[in-house]
Amino acid sequence: MQIRNATSPTEVKGMTTAELRERFLVTDLFVDDELRAVYSHEDRVILVGVSPVTVPLTLESFPELRTDHFFERREAGVVNVGGSGTVVVDGVPFDLGHGSCLYIGRGASVVEFISDSASAAPETEDSARFYLFSAPAHTAYPTTLVPAGTGIVRELGDQSTSNRRTLNQYIHENGVRSCQVVMGVTSLHEGSMWNTMPAHTHDRRMEAYLYFDLPEAARVVHLMGEPTETRHLIVANRQATIAPSWSIHSGVGTSNYSFIWAMAGENQSFDDMDAVDITAVS
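In terms of my numbering, the sequence shown is residues 11 to 292.
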């Protein structure tokens, strides 16, 4: 497991591009037949990429957690950003198509990830790719599947401002219950490239984005930092960004794309955000 320390705005002002990428961008979560994890001290969240191309993979605990099982004191949301697959939680299978979400509650013991393509002739591009966002949990809620396109759906933005998008809220205060995790998927319509505008912060929660369905030759210019001291990261398909609570998290792509947004912190109110007037950003 890779460890990422928390940062302050003062540190970020002096960072080089390489230092910003090392601290806030996760580029290598998805490797064939591997399970990779990044622990962030921003609200103690863990980002996990699971790529069971030819063999099933089991999520076990990590030495850094000092627990017998990964979910002993944690919960997680899982979204499949690849081909169809199955997550088996303590013997119960949950089929996840592309973009579907599974909430796994505290106390789960054995969690296995399987790609449907592995039972036939395995193809890397057709394999399931599971993205997991985990936070500490103080109680247990039921493991719950949310198929892609269900949950609460919100249509936002406008084609005239290049940010028409469909937002699917999966794990939140009025949907699938959790202790801390708030999670969903936003997909930009064709011809739209901007996400999360106007930009905002929420000092009560950190947030992570996982960009996916981005063409191989396309990139997202992800904006971060204090509103008056912005920085940027160049992000490719299936790469994740970590946003501290004091940082904006917005971006524009060279193509339309989708992204998983996931939060953890003080509350679960999706609309609890401090909007930033674009004319005040620098």
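The beta carbon of each residue, even a glycine, is placed where N, CA and C say it ideally should be.
No experiment lies behind these values; they were computed from the predicted model shown.
Practice prompt. Tell me whether M273 is buried or exposed, calling it buried when 16 or more other Cβ atoms sit within 10 Å of its Cβ.
Written response: Buried, because 16 or more other Cβ atoms sit within 10 Å of the Cβ of M273.
Worksheet entry | Option in R215, F143 and A158 with minimal Cα separation from D105 | Per the C-alpha coordinates, the member of R215, F143 and A158 positioned closest to D105 is A158.
Worksheet item: Cα-Cα, which of T154, A86, C189 and R187 is closest to L142?
Response: Of the candidates T154, A86, C189 and R187, the one whose C-alpha sits nearest the C-alpha of L142 is A86.
Discussion item. Rounded to the nearest angstrom, what separates V291 and E70 at their Cα positions?
Written reply: Distance between the alpha carbons of V291 and E70: 43 Å.
Discussion item. Can you tell me whether R76 is buried or exposed? The criterion is at least 16 other CB atoms within 10 Å of its CB, across all chains shown.
Written reply: R76 comes out exposed.
Item to complete: Name, in chain order, the residues that DSSP records as bridge partners for I13.
Response: DSSP output for I13 lists Y49 as bridge partner(s).
Worksheet item: For the segment 215-233 against the segment 177-185, are there 3 or more C-beta pairs whose distance is under 8 Å?
Response: Too few Cβ pairs lie closer than 8 Å, so no.
Worksheet item: Where does D100 fall in DSSP's three states?
Response: Judged by DSSP in its simplified three-state form, D100 adopts coil rather than helix or strand.
Worksheet item: Buried or exposed: which applies to L243, given that a residue is buried once 16 or more other Cβ atoms fall within 10 Å of its Cβ?
Response: Flag for L243 reads buried.
Worksheet item: So I124 and P62 are in contact, right, with Cβ under 8 Å, and what is the actual spacing, rounded?
Response: Contact check for I124 and P62: beta-carbon distance about 6 Å, within the 8 Å limit, so the pair qualifies.
Discussion item. In this structure, how does DSSP classify V22 when only helix, strand and coil are distinguished?
Written reply: Of the three classes helix, strand and coil, the one that applies to V22 here is helix, per DSSP.
Worksheet item: Does the pairing of the segment 36-50 with the segment 192-201 give three or more beta-carbon distances under 8 Å?
Response: Inter-segment contact for the segment 36-50 and the segment 192-201 is absent: fewer than three beta-carbon pairs are separated by less than 8 Å.
Item to complete: Have a look at A253 and T68 and give me their C-alpha separation to the nearest angstrom.
Response: Spanning the two alpha carbons is a distance of roughly 28 Å.
Item to complete: Helix, strand or coil for D284, going by three-state DSSP, please let me know.
Response: The DSSP-derived three-state label of D284 is strand.
Practice prompt. Answer yes or no: do Q12 and R46 have a C-beta to C-beta separation smaller than 9 Å?
Written response: Yes, the pair counts as a contact, with Cβ atoms nearer than the cut-off.
Item to complete: State buried or exposed for R248, treating a residue as buried only when at least 16 other CB atoms are found within 10 Å of its CB.
Response: By the 16-neighbour rule on beta-carbons within 10 angstroms, R248 is buried.
Practice prompt. Flag this pair as yes or no: are the beta carbons of Q190 and P152 separated by less than 9 Å?
Written response: The Cβ atoms of Q190 and P152 do not sit closer than 9 Å to each other.
Worksheet item: Just the Cα atoms here: how many angstroms apart are E165 and N178?
Response: In a straight line, the C-alpha of E165 is about 9 Å away from that of N178.
Discussion item. By the DSSP assignment, the beta strand (DSSP E) with S155 in it spans what residues?
Written reply: First, the amino acid is wrong: residue 155 is Leu here, not Ser. Where L155 is concerned, the enclosing beta strand (DSSP E) stretches over T154 to V156.
Worksheet item: Between the C-alpha atoms of L294 and V286, what's the straight-line distance to the nearest angstrom?
Response: Look at the range of the chain in this structure, 11 to 292, and you will see that residue 294 is not part of it.
Discussion item. By the three-class DSSP mapping on this structure, what secondary structure does A250 have?
Written reply: Reduced to three states, the DSSP call for A250 is strand.
Worksheet item: Leaving out the 5 sequence neighbours to the left and right, which residues in its chain are closer than 7 Å to P66 when beta-carbon positions are compared?
Response: Counting only residues of its own chain and dropping the five nearest sequence neighbours on each side, P66 has a CB closer than 7 Å to the CB of E122, F123 and I124.
Worksheet item: I181 to Y49, Cα distance in whole Å?
Response: Each residue's alpha carbon lies about 21 Å from the other.
Worksheet entry | Distance, V89 Cα to F241 Cα | A small correction: the amino acid at residue 241 is Arg; Phe does not occupy that position in the sequence shown. Answer to the nearest angstrom: the Cα atoms are 28 Å apart.
Worksheet item: Could you give the distance in angstroms between the alpha-carbon of M207 and the alpha-carbon of G101?
Response: Distance between the alpha carbons of M207 and G101: 42 Å.
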